[in-house]
Every structure is written in structure tokens, then in C-alpha cells.
Amino acid sequence: MNIKHLITAALIASAAFAAQAAPQKTVSAAQTTQHSAVWIDVRSEQEFSEGHLHNAVNIPVDQIVRRIHEAAPDKDTPVNLYCRSGRRAEAALQELKKAGYTNVANHGGYEDLLKKGMK
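Going by mature numbering (1 follows the signal peptide of the UniProt record, and there is no 0), the letters in the sequence shown line up with residues -21 to -1, 1 to 98, in that order.
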């Protein structure tokens, strides 16, 4: 065999083994952000106990500024807020922005999130 054939065979074999060794999982930027994001339900404790998103933290809107550090000590953490209709979440969003939080979003009402497939 000549050297070209040996090199070609080696390249083909290494490519085949590399493809089998480590399958890659594609992760979007939104999914990456989602992992570090905090979901906060700003409804009352009673409303929260009746149903909430998986892994959501309950901090009622009237306690949001005082207790936000429990869920998001870093002011650049993505904070996702929701309530029953979005109104209390909007009030919480405004308070958090005044407190220096830079990445806060109002996602509206709990029932609407469920309809969109959130769990």
C-alpha cells in the first residue's frame, strides 16, 4: 500500500470513531438561559399552594424587594415573574428594576402559562 492509501484509511477510521465517541446535543441560547433563570410566582401563599409552575419560588408581590435575594442574589440573574393575570407581576417587575435588577420579565398569568405548555 502506498502512503496516500494509509493516510486516507487512517482519516476515515478516525472520523468514524470520533462520530461514535461523543454524540452532541444541540442546546439553544434560550435553553441555556432557562437553566440559570429563576421563576417567581408573586401571588399569595394560598394561590401558590393551589397550583404553581414546577421549580417556581413563591414571593408575594408585597414582599418582593425584601425577599428577592433568596431566589436571585445576583442582580443580573434572569428573573421570570408571573401571577394570576400579569398585573402583580408587572408591579413586582417595576420594583425589581428600581432595586437594580437588570434582567426581569413579566410572563403574565399562571393559567396562560399552562396553556402555553409550561408546567
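Glycine residues also receive a C-beta, built at the ideal position from the N, C-alpha and C atoms.
Buried or exposed by the 16-neighbour rule on C-beta atoms within 10 Å, applied to residue i
i     : result
Pro39 : buried
His86 : buried
For residue i, the first and last residue of its enclosing beta strand (DSSP E)
i           : result
Leu32       : It is not in any beta strand (DSSP E) - Leu32 carries neither H nor E in the DSSP assignment.
residue 113 : Because the chain is modelled from -21 through 98, residue 113 falls outside the range shown and cannot be assessed.
Val58       : 58 to 62
Cα-Cα separation, residue i to residue j
i           : j     : result
Glu49       : Asp41 : 15 Å
residue 110 : Lys77 : The question about residue 110 has no answer, for the chain in this structure spans -21 to 98.
Asp20       : Cys62 : 6 Å
Lys54       : Val83 : 9 Å
Ile43       : Asn59 : 13 Å
Ile47       : Glu90 : 23 Å
Gly79       : Leu92 : 26 Å
Pro57       : Val17 : 6 Å
Lys95       : Arg45 : 31 Å
residue 99  : Glu24 : This structure gives no information on residue 99, because the portion of the chain shown stretches from -21 to 98.
Residue i - DSSP class collapsed to helix/strand/coil
i     : result
Tyr89 : helix
Ala84 : strand
Residue range of the alpha helix (DSSP H) that includes residue i
i     : result
Ala70 : 66 to 77
Ile43 : 43 to 50
Can we say the region 25 to 37 touches the region 71 to 81, given the rule of at least three CB pairs closer than 8 Å? no
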